[in-house]
Amino acid sequence: MSPRETHVEESTEELAAFVAARLVEVLAAAQHEHGRAALALTAGSVMEKVWAALAGSESARALDWSAVDVFWGDERFVPAGAADRNDRPAGEILFGHAPFSAARQFPMPTSDGEYGDDLDAAAAGYARTLHDARRPDDAGEVPSFDVVLLGVGPDGHCCSLFPDHPSSREESGTVIAVRNSPKPPPLRISLSFAGLNAAEQIWAVVNGSGKAEAVARALGGAARTEVPSAGAQGRARTWWLLDRDAASLLPAGPD
Numbered sequence: 000m001s002p003r004e005t006h007v008e009e010s011t012e013e014l015a016a017f018v019a020a021r022l023v024e025v026l027a028a029a030q031h032e033h034g035r036a037a038l039a040l041t042a043g044s045v046m047e048k049v050w051a052a053l054a055g056s057e058s059a060r061a062l063d064w065s066a067v068d069v070f071w072g073d074e075r076f077v078p079a080g081a082a083d084r085n086d087r088p089a090g091e092i093l094f095g096h097a098p099f100s101a102a103r104q105f106p107m108p109t110s111d112g113e114y115g116d117d118l119d120a121a122a123a124g125y126a127r128t129l130h131d132a133r134r135p136d137d138a139g140e141v142p143s144f145d146v147v148l149l150g151v152g153p154d155g156h157c158c159s160l161f162p163d164h165p166s167s168r169e170e171s172g173t174v175i176a177v178r179n180s181p182k183p184p185p186l187r188i189s190l191s192f193a194g195l196n197a198a199e200q201i202w203a204v205v206n207g208s209g210k211a212e213a214v215a216r217a218l219g220g221a222a223r224t225e226v227p228s229a230g231a232q233g234r235a236r237t238w239w240l241l242d243r244d245a246a247s248l249l250p251a252g253p254d
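The sequence shown begins at 0 in numbering that gives the first Met the number 0 and counts up by one.
What follows is the structure, encoded as structure tokens:
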């Protein structure tokens, strides 16, 4: 696994613009190398700013989105179209509009979808979806995501892997069912660490002083059961992209 790197921007807006610009470069390179790019998303307020930055970017609009596969790191197990769904704002901000709508999208199952309210079947179904969506040169059980855009909570959680919760220890498969989530709604589907860390690159995108302690603990060597985001590591790159407030408790001089 790759060592953790950091990059700090002064504001959330500058951070979102930086992430969007670098993401377009990586996706374009992945298309050149593999024919298609594989992107995995998580949600949150800073991710919505990244999506908005992509929507307004000329270079992002010029990318061949028909050659981008979009997956999810986690999702709330609620009905399709529910306000709690992570993919709803992504559609409203980005993927519901051309040219981004050309992307091949792989949403996680809904509680009123083909698996009904069977959370375990839904998680297993998404694991099969990932397996079947691998590119010819992807090794392992899931696509080798070119980038995972990973949000981090104030408690250090990532995806729906929570501190001191069975989700942070579960590795029975690449996709897991999460029950009794500390944050509502209680039922979720999430990549496990086995699924998450199949990625080539993981970018933890974090803003705000309320997450500074979680950032400092994750980068300071905390165990993943205590700070799950500490356990997220890409095979080629693990990049913590922060605004100045989120980086405020790190040692002086982060890049």
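Heads up, the beta-carbon is just placed ideally off N, CA and C, and yes, glycines get one too. Values in this document were obtained by computation on a predicted structure and should not be read as measured data.
Of the candidates P142, D136, R60 and R84, the residue whose Cα lies closest to the Cα of R127 is P142. In the structure shown, S189 falls within a strand segment according to DSSP collapsed to helix, strand and coil. A235 sits exposed, since fewer than 16 C-beta atoms from the chains shown fall within 10 Å of its C-beta. In this chain, the alpha helix (DSSP H) harbouring D131 covers L118 to D131. Here P78 is near T109, since their CB atoms are less than 8 Å apart. In this structure, V214 lies near A246, with their beta-carbon atoms less than 8 Å apart. CA-to-CA, the gap between E47 and I92 works out to about 7 Å.
Comparing C-alpha distances from T41 to each of R35, S10 and C158 shows the shortest one belongs to C158.
Closest in alpha carbon position to L53, among G150, A97 and H6, is A97. Closest in C-alpha terms to V146, from the list V45, D111, L118 and R21, comes R21. Excluding five sequence positions before and after N85, the CB atoms of its chain that fall closer than 6 Å to its own CB belong to A42 and E74, given in chain order.
Taken in chain order, the complete alpha helix (DSSP H) segments of 4 residues or longer contained in the segment 2-47 are 11-33.
D244 counts as buried, since no fewer than 16 other beta carbons sit within 10 angstroms of its beta carbon. Relative to the Cα of R187, the nearest Cα in the group D119, E212, A221 and G219 belongs to D119. Rounded to whole angstroms, the Cβ separation of S1 and G220 is 15 Å, and the two are not in contact under 8 Å.
Assigned with DSSP and collapsed to three states, D73 falls in strand. Residue range V174 to V177 is occupied by the beta strand (DSSP E) that includes A176.
Excluding residues up to 5 positions away in sequence, D68, F105 and P142 lie with their Cβ nearer than 7 Å to the Cβ of A132 in the same chain.
Here A229 carries a helix assignment [DSSP, helix/strand/coil]. Excluding five sequence positions before and after I175, the CB atoms of its chain that fall closer than 7 Å to its own CB belong to A122, S166, E169, S189 and S191, given in chain order. Around the beta carbon of G72, a 10 Å sphere encloses 16 or more other beta carbons of the protein chains shown; the residue is thus reported as buried. DSSP places R60 in the uninterrupted alpha helix (DSSP H) bounded by E57 to A61. In the DSSP assignment, A203 falls within the beta strand (DSSP E) that extends over Q200 to V205.
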